[in-house]
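To keep things clear, I will list the structure first and then write my remarks on it.
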Amino acid sequence: MTRVAIFGANGRMGRLIAEEASGRFDLVQAFDAGDEFKLDSSVEVVIDFSLPSAWNDLNTLIAGTDAALVSGTTGLDESERTLLNKWITSRPVFYSSNMSVGIHVLGRLMETASGMLGDSFDRELIEFHHRRKKDSPSGTALSLLKRWDGEKIFGRHGNTGEREFGTVGVHAVRGGDVVGEHHLHFLGDGERLTISHLATDRRVFALGAIRAADFIAGRPPGIYTMEDMLG
6 MTRVAIFGAN
16 GRMGRLIAEE
26 ASGRFDLVQA
36 FDAGDEFKLD
46 SSVEVVIDFS
56 LPSAWNDLNT
66 LIAGTDAALV
76 SGTTGLDESE
86 RTLLNKWITS
96 RPVFYSSNMS
106 VGIHVLGRLM
116 ETASGMLGDS
126 FDRELIEFHH
136 RRKKDSPSGT
146 ALSLLKRWDG
156 EKIFGRHGNT
166 GEREFGTVGV
176 HAVRGGDVVG
186 EHHLHFLGDG
196 ERLTISHLAT
206 DRRVFALGAI
216 RAADFIAGRP
226 PGIYTMEDML
236 G
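Using my numbering, the letters of the sequence shown correspond one by one to residues 6 to 236.
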């Protein structure tokens, strides 16, 4: 049985992962703010659902070990990406801004639709999340947007003029307890195509992280994504 530690254990996702890991993994340790960050030498995989501000502590935790890392933390800036690039030289790291299998499929459908519709359709992305989410647009939205060329317009306000050809509109909605929704709109003359993914239970992200931990255990150092796991 794979020996696992959870970083960010007191958060909503950390608690869900602990519940879902029961019987699947040997949960050796759980860490959160204020703990002593010392990893047991037997831990094979650390699962991280924390905040970017906690990544210096995460760096302390895994330093000097070769434990694999699975992370779903979003809102990374340049300093966290520097840490990520350092970690992948010494351990396998599975990183995804969204651990849902369905979101991976949405990205594939997005590529297919974009290739078939070409430049004849305008493109807009609208994402919804709960009121407590701190980053905007979501990390998932930013990952999806990498599949669309063109200047990204983040919201519109005032007299913006006519829509410029080839631009991509991005809109973030925050409120309530929405787990996560991402809607891709292809708007043409006389017709519109919408492709959507709605997460209705946070447990889907915990299950994705557990599947990623199974996948990454024992692999060589490097960066791994949903593409690698699902093919």
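Built from N, CA and C at the ideal position, the CB exists for glycine as well.
Discussion item. Between which two residues does the alpha helix (DSSP H) holding Phe220 run?
Written reply: Unbroken alpha helix (DSSP H) run through Phe220: 208–221.
Discussion item. Within 8 Å, do at least three Cβ pairs link the stretch 126–136 to the stretch 186–197?
Written reply: yes
Discussion item. Measuring only the C-alpha atoms, how far is Arg86 from Arg136?
Written reply: 26 Å
Worksheet entry | 7 Å Cβ shell around Leu149 - same chain, five flanking residues per side excluded | Gly112, Met115, Leu130, His187
Discussion item. Looking at Ala204: is its Cβ nearer than 7 Å to the Cβ of Ser105?
Written reply: Contact: yes.
Practice prompt. Taking 7 Å as the cut-off, decide whether the C-beta atoms of Ile52 and Ala218 are in contact.
Written response: Their beta carbons are under 7 Å apart, which means Ile52 touches Ala218 by this criterion.
Fill in: Alpha carbon of Glu232 to alpha carbon of Ile108, nearest angstrom
11 Å
Fill in: Cβ neighbour criterion (16 or more within 10 Å) applied to Arg17
exposed
Fill in: Complete beta strand (DSSP E) runs within the stretch 153–210 (minimum length 3 residues, chain order)
Segments of the beta strand (DSSP E) lying fully in the stretch 153–210: 157–159, 173–179, 185–192, 197–204.
Worksheet item: Hey, Phe42 and Asp71: beta-carbon distance below 7 Å or not?
Response: Taking 7 Å as the cut-off, the beta carbon of Phe42 is found no closer than this to the beta carbon of Asp71.
Fill in: CA nearest to the CA of Leu89, picked from Asn64, Leu32, Leu44
Asn64
Fill in: Range of the contiguous alpha helix (DSSP H) that encloses Ile67
60–67
Worksheet item: Just curious, the alpha helix (DSSP H) that Ile93 is in, first and last residue?
Response: Taken as a continuous stretch (DSSP letters only), Ile93 belongs to no alpha helix (DSSP H), as it is neither H nor E.
Practice prompt. State yes or no: is the C-beta of Leu81 within less than 7 Å of the C-beta of Val98?
Written response: At the C-beta level, Leu81 and Val98 stay beyond 7 Å of one another.
Worksheet item: Which of helix, strand or coil does DSSP assign to His109?
Response: helix
Worksheet item: Whose CA, out of Glu132, Ala146, Glu49, Asp154, lies closest to the CA of Ile221?
Response: Glu49
Worksheet item: Ala68 to Arg224, Cα distance in whole Å?
Response: If you draw a straight line from the Cα of Ala68 to the Cα of Arg224, it comes to about 18 Å.
Worksheet item: Should Arg86 be listed as close to the ligand MG, given that the test is whether its C-beta is under 6 Å from any heavy atom?
Response: For the ligand MG, the structure offers nothing, since it holds no ligand at all.
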